[in-house]
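Trainee: Chains A and B are the protein sequences, given in the same order. In short: position in the first sequence from 1, add 1182, done, that's my numbering. In short: position in the second sequence from 1, add 1182, done, that's my numbering.
There are 2 protein chains.
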Amino acid sequence: MQQVNVGIVGVGTIGMGTLTILAENAEQIATKLGFSLGVKALCDLALETRPIPAALGPVQKTSDWREVVTNPEVDIVVELIGGTHVAREVVEAAIRNGKSVVTANKELMALYGSDIWDRAIGQGVNLGIEASVAGGIPILAVLREGIAGDRVTALFGILNGTCNYILTEIEKHNTPFDIVLMEAQRLGYAEADPTLDVDGFDARSKLAILAALAFGERITPSDIYTEGIRRVLPVDFLYAHQMDYTVRLIAAARQTPAGLVLSVRPSLISNRTILAGVRGSYNAIWVRGLYGEDTFYYGRGAGARPTGVAVVSDLMRVAREIRSGSPARVSPFAHERLGEYEPIPITRLKSAYYLRFRVEDRPGIIARLAAVLADKGISLDAVLQLPEENWRDLPFVITTQPTTEESLRAALAEMATHDYLIETPFAMPMEGRL
Amino acid sequence: MQQVNVGIVGVGTIGMGTLTILAENAEQIATKLGFSLGVKALCDLALETRPIPAALGPVQKTSDWREVVTNPEVDIVVELIGGTHVAREVVEAAIRNGKSVVTANKELMALYGSDIWDRAIGQGVNLGIEASVAGGIPILAVLREGIAGDRVTALFGILNGTCNYILTEIEKHNTPFDIVLMEAQRLGYAEADPTLDVDGFDARSKLAILAALAFGERITPSDIYTEGIRRVLPVDFLYAHQMDYTVRLIAAARQTPAGLVLSVRPSLISNRTILAGVRGSYNAIWVRGLYGEDTFYYGRGAGARPTGVAVVSDLMRVAREIRSGSPARVSPFAHERLGEYEPIPITRLKSAYYLRFRVEDRPGIIARLAAVLADKGISLDAVLQLPEENWRDLPFVITTQPTTEESLRAALAEMATHDYLIETPFAMPMEGRL
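#1: Given a cut-off of 9 Å on the beta-carbon distance, is the pair G1321/B and I1456/B in contact?
#2: Counting only the same chain and skipping the five closest in sequence on each side, list residues whose C-beta sits under 6 Å from that of N1308/A.
#3: I'd like the span of the beta strand (DSSP E) that includes K1532/B, first residue to last.
#4: Looking only at C-alpha atoms, which of T1202/B, G1216/B and I1211/B sits nearest to S1506/B?
#5: Determine, using beta carbons only, whether L1603/A and T1582/A come nearer to each other than 9 Å.
#6: Assuming V1284/A and G1310/A form a contact by the criterion Cβ under 8 Å, report the distance between their Cβ atoms to the nearest whole angstrom.
#7: When the cut-off is 9 Å and only beta carbons count, does M1498/B lie next to chain A?
#8: Measure the C-alpha to C-alpha separation of D1332/A and E1409/A and round it to an integer number of angstroms.
#9: For the alpha helix (DSSP H) that contains Q1367/A, what are its first and last residues?
#10: Please state the DSSP three-state secondary structure of Q1305/B.
#11: For F1608/A, would you say it is in contact with chain B, using Cβ-to-Cβ distances shorter than 9 Å as the test?
#12: What number of angstroms, rounded off, separates the C-alpha of V1491/B from the C-alpha of M1498/B?
#13: Helix, strand or coil for I1211/B, going by three-state DSSP, please let me know.
#14: In the DSSP assignment, the beta strand (DSSP E) including E1613/A goes from what residue to what residue?
#15: Kindly indicate which residue of P1233/A, D1297/A and R1413/A has the alpha-carbon position closest to the one of I1352/A.
#16: Which residue from S1561/B, L1472/B, Q1367/B and D1601/B puts its Cα closest to that of V1541/B?
#17: Would you say I1203/B reaches chain A, if we count a Cβ-Cβ gap shorter than 9 Å as a contact?
#18: Quick check on DSSP: helix, strand or coil for V1193/B?
#19: Hey, out of T1231/A, V1446/A, T1585/A and I1190/A, whose CA is closest to Y1407/A's CA?
#20: Sort A1390/B, R1454/B and S1404/B by Cα distance to D1426/B and report the nearest one.
#21: Would you grab the beta carbon distance between S1452/A and A1458/A for me? Rounded to a whole angstrom, and I think it's under 8 Å.
#22: Beta-carbon of S1508/A versus every beta-carbon of chain B: anything under 9 Å?
#23: Below 8 Å on the Cβ atoms is my guess for A1323/A versus V1324/B; work out the distance and round it to an integer in Å.
#24: Starting from the N-terminal side, write out each stretch of the beta strand (DSSP E) that is 3 residues or longer and does not extend beyond the region 1450 to 1513 of chain A.
#25: Looking only at its chain, what residues have a beta carbon closer than 8 Å to the beta carbon of A1248/A, apart from the 5 residues adjacent to it on each side?
#26: Give the DSSP bridge partners of V1579/B, in chain order.
#27: Which residues share a DSSP beta bridge with T1350/A?
#28: With a threshold of 8 Å, are at least 3 pairs of Cβ atoms found where one atom belongs to the region 1186 to 1199 of chain B and the other to the region 1257 to 1264 of chain B?
#29: Measure from the C-beta of G1280/A to each C-beta in chain B and report whether the shortest distance is under 9 Å.
#30: Check whether the Cβ atoms of G1381/B and E1373/B sit closer than 9 Å, and answer yes or no.
#31: Tell whether a beta-carbon distance below 9 Å holds between S1259/B and V1268/B.
#32: Here's the rule I'm using: 16 or more other beta-carbon atoms within 10 Å means buried, otherwise exposed. How should T1377/B be labelled?
#33: Along the region 1471 to 1492 of chain B, where does the CB come closer than 7 Å to a CB of chain A? Name the residues.
#34: Does M1364/A pass the burial test, meaning 16 or more other C-beta atoms within 10 Å, or should it be called exposed?
#35: To which residues does DSSP link E1178/B through a beta bridge?
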């Protein structure tokens, strides 16, 4: 069968990983497909500094993306520049010109994926977005096709490798967040501006895409309650360990009778769950299905080559659709709203909570906090205090029985009017039964 | 778009799970597909005893499978009767009649899958086999498409839930195999004739299919060295734990410079590996890719509903191919032999080994065993003896440095001529670096 040709816009880390695989693994890719994947155009502002594999053969090299999306030899445009402005222009122009598109751009897809898919279908081309979530883990293929027959009821993910690396370092060395972050930046595991990662926005974009696929619903990032990991202290791990839990940044989507509750936030997870074994910069997704029960997917969440595998596997799938004439075979985005899964506010979440307090040393404070909780209908589960000699400088912890986030927030608002609190209490949901 | 219709041959446990999902989840399935999946024919010898969901509407009910494979309304025949004789007739007749086929039959696919795929392609129909391996884990979709761009270098699986249940029960309660097996049979976790499971044949069929997909190679079960779990003793777990290992029935396929080494056998795996966390009747597959590094997939390996999810997801995929006119879009079986992956005998395996001995109490025995190992070029790593008072009744263990299975077997053959051995030594490879 005839070769399918690719043009890549943005030849940075992932672009080079993609090119390496396309060049080195060309024979096996062609054997699996029954035809070859060729590279015909590359666009980058610093292309001359990139060690483009010679095995690719003659390639158009340009710094103007328009030359790629209009190149008549190119069947599939790979968008790897990131951001949402130029990237959107590239993707939409490619589609307008009858090219299929593969992208690793989670932010673009979380914000405009559904619209972009409609445009692709309108033009009879395909769209591949596997690389936009969880790098080397083929979780979108799993949700779109692998377990399509199931009805997903909950999905919990560790979707940001930087945060998971930082949290496991805090856990291992009992070192504060700021110190670990600096070290992570020095090692290149965290960006100079870490906001997207440590404040949860990167994970939020990924969850928006995953939840759209898992629940057949249009989800926008603003539907997702988002809280980063800056407030997590080493002492939170000590308390968590007392209860055989640990702390992770969990991206969660759960179906409730009232609707879909979506959040990205630091959470306590039981050490008995398989998610708790995810350490360092790995990503993982745990899916609960009504029929298939629980499945779990784990792998590298980032990196040139693992993400390159996602890009190349998507290129192969899209190339197969092109050769089979089946661009609309599987929608990566929900077209119909099932209605049963409407996103609802986080205040509707029902969960047990971990509450960490720092207070001035006065008598009767626990009684007063307990009274506030009782007043909002919240039952205490335990009061924890680490057996340290100078415990007055240490925070203490109250865990609650399951309650609503709404009640919890009302209690915290009430507590905020009390003058013995040294800082706002820090609350995390406790996920024991994953 | 027009409905795609299904006929099911064999309405037992998995058949009922499949029907439940098709009936209960019909609306979501239709939304995802853009068209409906209907059930038009059911065949079973005891159909009148099955609680067929009324929501399916009018259905042809028969005890003659020929009526299903010739029913003009049926687009896809689901084969769920098992075995390789009648099942093969059903599948081949369905294909001859222009029907696509979905099957959960691992034995049939391991033995004849490649031929059956050739027939399907010859007739322009599709073949879905996701349910034949690892129940609710969509591992075939992952290997065929999800990580198609990668080059798999090793694959390790826990593929038999019965064996994993038995081994974790031995581990938990320090109870011998025979007692645990009886209990498992009483609870319905093991068959009255447990041979297929505990002697490794079930896992062997699954590995044959997985390895064919992962390495693009025609693998037959006879290529796979197979050894069951009957010789595993509670004391093996005690020794394993001393080294921070555990014991599992591991189905392994590894690429070596000389070729592909395939085995199903009890193995020591490090507790630090994610596979070691797989307990009870769960299944899991760990895949090492040259580019994507390690990914890991976990879920229910059996059960009516999890396997039903695999059948229904496959039905959806095949229905999509039918509606898109792309039956040959992705081959489930290798058509071309890459050559680099030829199966080679287990004697070529290079591994560290765990050797358990029971010997008569005489002086100098460890020295004699060590001399035999040294004579075959095998270096000792450690000699382990549990600190029991009556240790003379207990076996002791020698672990080796990495060596070839060929050298190991030569050493064991030499030892067999020594008269102080009470039983044949029990050898397991040690997998520390998964």
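The beta-carbon is built from N, C-alpha and C at its ideal position, and this holds for glycine as well. The structure presented is a predicted model; accordingly, all values stated were derived computationally and were not measured.
Mentor: This is what the structure holds:
#1: The sequence shown places Ile at residue 1321/B, rather than the Gly named in the question. Cβ distance not < 9 Å, so I1321/B and I1456/B don't count as in contact.
#2: S1282, V1500, E1503 and P1509
#3: K1532 to F1539 is the span of the beta strand (DSSP E), which, as asked, contains K1532/B.
#4: G1216/B
#5: no
#6: 4 Å
#7: Contact with chain A is found for M1498/B, since one of that chain's Cβ atoms lies less than 9 Å from the residue's Cβ.
#8: 30 Å
#9: F1359 to L1369
#10: helix
#11: Not closer than 9 Å to any Cβ of chain B, the Cβ of F1608/A fails to qualify, so no.
#12: 10 Å
#13: helix
#14: Counting along the chain, the beta strand (DSSP E) containing E1613/A begins and ends at F1608 to E1613.
#15: Ranking the options by Cα distance to I1352/A, first place goes to R1413/A.
#16: D1601/B
#17: Yes - at least one Cβ of chain A is within 9 Å of the one on I1203/B.
#18: coil
#19: V1446/A
#20: R1454/B
#21: 7 Å
#22: yes
#23: 7 Å
#24: 1464 to 1471 and 1475 to 1482
#25: Reading the sequence as shown, one finds Arg at residue 1248/A and not Ala. Closer than 8 Å at the Cβ level, and outside the excluded window around R1248/A, lie A1275.
#26: R1538/B and L1566/B
#27: According to DSSP, T1350/A bridges with nothing at all.
#28: Judged by Cβ distances under 8 Å, the region 1186 to 1199 of chain B makes contact with the region 1257 to 1264 of chain B, as three or more pairs qualify.
#29: no
#30: This sequence places Asp at residue 1381/B; Gly is not what is there. No; because the gap between Cβ atoms is not below 9 Å, this pair is not in contact.
#31: Residue identity check: residue 1259/B is Val in the sequence provided, not Ser. Cβ distance not < 9 Å, so V1259/B and V1268/B don't count as in contact.
#32: Exposed is the call here.
#33: G1471, Y1473, G1474, E1475, D1476, T1477, F1478, Y1479, Y1480, G1481, R1482, R1487, P1488, G1490 and V1491
#34: exposed
#35: The first residue shown for chain B is 1183 and the last is 1616, placing residue 1178/B beyond what the model contains.
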